[in-house]
Every structure is written in structure tokens, then in C-alpha cells.
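Just so it is clear: in the sequence shown, position 21 is 21 by UniProt numbering, and no numbers are missing.
Let me begin by presenting the structure, written as C-alpha cells, before commenting on it.
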Amino acid sequence: TYTYAATIEVRNNCPYTVWAASTPIGGGRRLNKGQTWVINAPRGTKMARIWGRTGCNFNAAGRGSCQTGDCGGVLQCTGWGKPPNTLAEYALDQFSNLDFWDISLVDGFNIPMTFAPTKPSAGKCHAIHCTANINGECPRALKVPGGCNNPCTAFGGQQKCCTQGSMWSYESVQIFKKRC
């Protein structure tokens with residue numbers, strides 16, 4: 001029997017330090033360029049998120065702050081990160097015993113990301129990428145230091161936050177949709 005449903009390797013391929021965060025499993029870890037962090041996720045894990053935090057400064061007790069993706073001023077995250085942050089989301093052993101994963105920009109964008117299986121299964125599972133220079137192309141109204149906010153975070157309201165599907169403004173998310 002397997003103890004874990006998946007082993008997830010988080011690797012920093014950025015040319016700068018990223019403070020990786022993971023909930024509900026993992027917490028957080030500093031990753032210099034080229035470093036990895038292994039997260040063993042049990043069966044039934046759902047609503048899991050992994051994201052990179054940037055511009056962080058933590059003391060020896062693990063308290064501090066991050067420019068993007070901060071999770072309550074702690075290194076070991078127990079909640080979700082503050083936008084903007086690029087998200088890898090996954091759920092294991094769910095409907096029909098399938099695993100699901102995606103990259104989401106629902107919380108905006110701060111770093112490029114790839115999410116890929118190490119052993120693709122007969123062409124059914126493929127890598128997904130969001131590696132465009134969204135920070136460099138971010139509209140001024142969405143731009144914040146270190147990232148690009150989503151329209152809901154930047155402006156609020158029903159039209160930008162999808163609270164009612166018929167009122168949703170498709171144009172407001174094109175910066176993300178066209179690039180990832």
C-alpha cells in the first residue's frame with residue numbers, strides 16, 4: 001500500500017529566491033535558485049495550493065513579511081496567500097479516484113510557473129504552464145510591486161469579481177487568459 005497519493009517536487013527555476021508556500025500540507029520553505037522541496041500529499045487531499053512568495057524577510061522565529069503571496073507574516077503558511085500570487089492547485093483521489101491539478105491566476109500573478117507530472121500516463125496528463133511576462137505587461141491599474149493583481153482584488157464589485165456570471169466582464173481578465 002502507498003502512504004502518499006502523490007509526491008510533489010517544488011523547484012525554483014527563477015533567477016531569484018522564492019519562498020514557496022503550500023496548504024493544507026507543507027507550510028513554507030525558502031528556495032534559492034535551483035533548490036527543491038518535496039511535499040508528500042496523502043490520498044483525499046483537496047483544495048490544496050502551492051504558490052511562490054517574493055521579496056520576503058523572515059526572522060529566526062519564522063516571522064516577517066513578503067512583497068507578494070504573504071500568508072499572515074509567517075514562513076509556515078496555514079492559510080492562503082495574499083494576492084497577487086500565481087497558484088498551483090491540486091486535489092487527489094477525488095471523483096472516480098482521479099487527481100486534478102491546474103494553474104490559477106484567480107489571485108493574480110507574481111512568478112512564472114509550470115505544473116507537470118513526472119510520469120505522464122499514456123498521454124492523458126500533460127504539463128501546464130504560465131510562463132509569460134505578465135508582470136512586465138501588466139496594465140497600470142492592476143500593477144503592484146512584484147506582481148499583477150486580478151481585477152477583483154484591484155477594483156472589487158460584481159462585474160470584476162464574478163459574483164453573478166451574467167455581469168462578469170470578460171475583457172477584464174484578458175491580460176491573463178491570452179498569456180497562460
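Cβ coordinates follow ideal geometry from the N, Cα and C atoms, glycine included.
{"Asked": "Could you please give me the residues that DSSP links to H129 through a beta bridge?", "Found": "T114"}
{"Asked": "Measure the C-alpha to C-alpha separation of S17 and C66 and round it to an integer number of angstroms.", "Found": "Residue identity differs from the one stated: residue 17 is Thr in this sequence, not Ser. Straight-line Cα distance between these residues: approximately 12 Å."}
{"Asked": "Please name the residue, chosen from G28, D99, L98 and L87, that lies closest to G147 on a Cα-to-Cα basis.", "Found": "L87"}
{"Asked": "Pull up the distance between the alpha-carbon of N59 and that of K124, whole angstroms please.", "Found": "44 Å"}
{"Asked": "Which class does K46 belong to by DSSP, given the choice of helix, strand or coil?", "Found": "coil"}
{"Asked": "If contacts are defined as beta-carbon pairs under 8 Å, then G28 and Q76 qualify, I think. What distance do you get, rounded to the angstrom?", "Found": "5 Å"}
{"Asked": "Along the chain, where does the alpha helix (DSSP H) that runs through F155 open and close?", "Found": "P151 to F155"}
{"Asked": "What's the gap between the Cα of E9 and the Cα of I25?", "Found": "13 Å"}
{"Asked": "Could you please give the first and the last residue of the uninterrupted beta strand (DSSP E) stretch that includes N40?", "Found": "T36 to A41"}
{"Asked": "To the nearest angstrom, report how far apart T1 and G44 are at their CA atoms.", "Found": "Interpretation of T1 is limited by its pLDDT of 42, a score under 50 that renders its predicted location unreliable; the figure taken from the coordinates is listed afterwards. Cα to Cα, the separation comes out at about 15 Å."}
{"Asked": "Measuring only the C-alpha atoms, how far is H129 from Q94?", "Found": "23 Å"}
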